[in-house]
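S.K.:
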Amino acid sequence: MPAKPKPPKSIDEYIAGVPAEIQLRLQRIRDLVSEIAPDADETISYRIPAFKLYGRILIYFAAHTEHIGMYPAPYGVPQFERDLAKYGAGKGTLRFPHDNALPIPVIKRVLKYRLQQTLAKAAPKRKAK
33 MPAKPKPPKS IDEYIAGVPA EIQLRLQRIR DLVSEIAPDA DETISYRIPA
83 FKLYGRILIY FAAHTEHIGM YPAPYGVPQF ERDLAKYGAG KGTLRFPHDN
133 ALPIPVIKRV LKYRLQQTLA KAAPKRKAK
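My numbering numbers the first residue of the sequence shown as 33 and each following residue consecutively.
(1) Going by DSSP in three states, K84 sits in which element: helix, strand or coil?
(2) Ends of the beta strand (DSSP E) at D71?
(3) Tell me whether Y46 sits in a helix, a strand or coil according to DSSP, three-state version.
(4) Taking buried to mean at least 16 other C-beta atoms within 10 Å of its own C-beta, is V142 buried or exposed?
(5) For the beta strand (DSSP E) containing L126, name the first residue and the last one.
(6) Just tell me which of P51, Q55, R88, I76 has its CA closest to the CA of A69.
(7) Would you mind stating whether L147 and L85 have Cβ atoms separated by less than 9 Å?
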């Protein structure tokens with residue numbers, strides 16, 4: 033039985049391990065997260081890239097054969113219904129097919145929403161310190 037590949041230790045390692053045409057797409061999402069949440073920390077969690085803010089996961093993203101997945105998705109939020117109808121793939125998942133351009137405005141809106149959620153949940157912890 034072949035050895036299981038070692039999990040990446042950084043987002044750089046993760047991105048380097050996927051095909052070149054997908055690397056640019058992952059890097060673009062990474063750049064958007066850094067732009068919208070500059071205080072977020074990069075990490076690998078569940079073997080995929082993630083950003084944490086105040087100890088809470090802001091967003092995960094991952095390369096798949098046919099798409100890039102981004103988690104969690106804002107399900108049950110009316111302002112995202114149209115986006116979820118197009119890119120949603122089950123509760124908590126957005127899928128951006130490789131054969132389409134990344135929907136940058138959608139990604140930015142989701143990231144801003146997740147930032148607000150994360151900050152609201154982290155606020156009690158931050159005040160307690």
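Yeah, the Cβ is synthetic: ideal placement off N, Cα and C, and Gly gets one too.
Because the structure is a prediction, the values reported are computed rather than measured.
M.R.: Result, derived from the coordinates:
(1) K84: strand per DSSP, three-state reduction.
(2) No residue range can be given for D71, since it is assigned to no beta strand (DSSP E) and is classified by DSSP as neither H nor E.
(3) Shown here, Y46 sits in a helix according to DSSP, grouped into three states.
(4) Looking at its Cβ environment, which holds 16 or more other Cβ atoms inside 10 Å, V142 is buried.
(5) Residues 126 to 129.
(6) Nearest of P51, Q55, R88, I76 to A69, Cα basis: R88.
(7) It is a contact, given that the beta carbons lie within the stated cut-off.
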